[in-house]
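What the sequence shown shows, in numbering that gives the first Met the number 0, is residues 0 to 288, in sequence order. Even glycine gets a Cβ: it sits at the ideal position worked out from N, Cα and C.
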Amino acid sequence: MHILIVNDDGPPAVPASHYVRNLVLALQAQKHTVSVVLHHRQRSYIGKAHLVDQDITITSYYPDHALSLVGLYHHFQDRGPVDLVVSGPNYGRNTTAVFRLGSGTIGGALEAAACGKKAVAISFGFDDYSLGANNAIIDAASKRCVELIARLVRDWGPNVHLFNINVPLTTKVHSAKAMYTKITQNGWTSRSCLQEIEACSNEQAGEPIFDSSQEGSTTPSFAGDTSSVAQGQAKKKILRFVAVPEGVSAPGEMPEGQDSWTADEGMISVTPLRANFMHVDKLRGEVEL
């Protein structure tokens, strides 16, 4: 197959874009033609965004090889039609409703599906940073994804536009079961995950901030563009992803068969999706005012 790889984490780099190179090599080992289009920098949590006020400059890397629209329509025409778009692998899980809605990884797959292409979004999740950075485990997860992709393409299903795949990075990922799942419904709490801190002179809006004091932190924080003045001092509101789990409301007991439960159990979650925000079917007729 001709497979187009896109992501929202940017080119290979530590810590936020560990995984794309491993997946590309695993796909090439199975004789797939792989084309790659990546952002030049981190663009996490951007959803299915179009930066309408910015021009896109295409720069080629890697001899004669390098998102979705760029790769499908503006590059790689000499390689023939794209058979499948793979978005990811993302640095961290994309399970539950609240994370799916903002996910740039799923957004890349949605854009491909809207263009009539088969697409999968892949995310690698981990509770232990040492596992998330272990190259042998990343290789095993990438190979497992290649097996899963081949299986899904063979039996895609008539009503499926894209699949959202969440792979737990564990020592047993090479043999992890893959399960079809449903989306866990959840939402933000009142304070969400925004934390206001004093701005530092070396902080630039939108640049990663790595806080080693946050024990157990596995993801960078990103400075936001919103500033406020409090008590005579300039402050920035920054989105700290380490606080996200505490900022999300979840069901009291996670039902079996849902994406979060499946990932927590060390299995691969495979959620078939349609590329739309489906209406609620039971509300019909006139809205009386």
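Beta-bridge partners assigned by DSSP to A12: S16. The C-beta distance from K176 to M266 rounds to 5 angstroms, short enough to meet the 8 angstroms contact threshold. For the pair R42 and D7, the CB atoms are nearer than the 7 angstroms cut-off. By the Cβ neighbour-count rule, W260 is buried, with 16 or more other Cβ atoms within 10 Å of its own. Just measuring C-alpha positions, the residue of R273, A113, N89 and V119 sitting nearest F125 is N89.
Using a Cβ distance threshold of 7 angstroms, T94 and D280 do not count as a contacting pair. In the DSSP assignment, the residues bridged to S268 are N165 and M178.
If you draw a 10 Å sphere on the C-beta of K116, you find 16 or more other C-beta atoms in it, and that means buried. Secondary structure note for L109: its alpha helix (DSSP H) is the uninterrupted segment G103 to A113. Cβ-Cβ distances below 7 angstroms link L26 to I2, V33 and V145 in the same chain, with the five nearest sequence neighbours on each side left out; the list follows chain order. Secondary structure note for T32: its beta strand (DSSP E) is the uninterrupted segment T32 to V36. Inclusion of S129 and T104 in the CB contact set at 7 angstroms is not warranted, their separation being larger than that value. With a beta-carbon spacing of about 7 angstroms, L161 and L109 fall inside the 8 angstroms limit used to define contacts. About 6 angstroms separates the beta carbon of R92 from that of A262, a gap short enough to meet the 8 angstroms contact definition. Burial of N165 is indicated by the presence of at least 16 other C-beta atoms within 10 angstroms of its C-beta.
When DSSP states are grouped into helix, strand and coil, L22 belongs to the helix group.
CA-to-CA, the gap between E285 and S141 works out to about 51 angstroms.
Nearest to W155 by C-alpha distance, out of N133, T183, V269 and R20, is V269. N134 is classed as exposed because its beta carbon has fewer than 16 other beta carbons within 10 Å across all chains shown. Judged by their CB atoms, M0 and H38 are not nearer to each other than the 7 angstroms cut-off. Cβ-Cβ distances below 6 angstroms link D138 to N21 in the same chain, with the five nearest sequence neighbours on each side left out; the list follows chain order. Per DSSP, V84 is one residue of the beta strand (DSSP E) stretching across L83 to Y90. Only buried fits G131, as 16 or more other CB atoms lie within 10 angstroms of its CB. Residue V85 holds the alpha-carbon nearest to the alpha-carbon of V119 among F98, V85 and G256. Distance from N185 to A274 at the Cβ level is roughly 21 angstroms; contact not present, criterion being Cβ atoms closer than 8 angstroms. Straight-line spacing of the CA atoms in V23 and R143 works out to 13 angstroms. Annotation: D52 to V19 spans about 28 angstroms, alpha carbon to alpha carbon. Annotation: the continuous beta strand (DSSP E) that includes K117 extends over K117 to G124. Note that the C-beta distance between P271 and V159 is below 7 angstroms.
The Cβ atoms of L168 and I136 sit closer than 7 angstroms to each other. Secondary structure of L130 (DSSP, three-state): helix.
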